[in-house]
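First comes the structure, then the notes that go with it.
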Amino acid sequence: MAAKRCSDQGIGLPKDFDIDQPRANLGFKVIKSLVAQLDGRIAVVRNTPKGVTVQLDVPLEASPG
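Residue 944 in the numbering used here sits at position 26 of the sequence shown; the count goes up by one each step and never skips.
Right, here's the structure in full:
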């Protein structure tokens, strides 16, 4: 598994942010789609008091099938 974590201290995300909602940021939707194609996972965490951490996990070997 390859993992990449990116964090910032910007304004953060709204409290009701959900990457699966239709109104989610297009950039997050594109990343989520690409990671899913690689059988990976994405996690978005709000930092306190501000900022965001995005964690991407992608398997290094192709899944069977």
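Where is the CB? At the ideal position from N, CA and C, for every residue including glycine. Everything numeric in this text was worked out from a predicted model, so none of it was measured.
On the CB-based measure, 16 or more other CB atoms within 10 Å of its CB, does residue i come out buried or exposed?
i, result
"L931", "buried"
Closest by CA to residue i, which one among the options?
i, options, result
"E979", "N965, V962, K947, Q955", "Q955"
"V953", "P982, G969, V976", "V976"
Grouping DSSP H, G and I as helix and E and B as strand, with all else coil, what is residue i?
i, result
"K921", "What sits at residue 921 in the sequence shown is Ala, not Lys. Of the three classes helix, strand and coil, the one that applies to A921 here is strand, per DSSP."
"L956", "coil"
"L944", "helix"
With a cut-off of 8 angstroms on the beta carbons, I'd call residue i and residue j a contact; round off their distance for me.
i, j, result
"T971", "R923", "6 angstroms"
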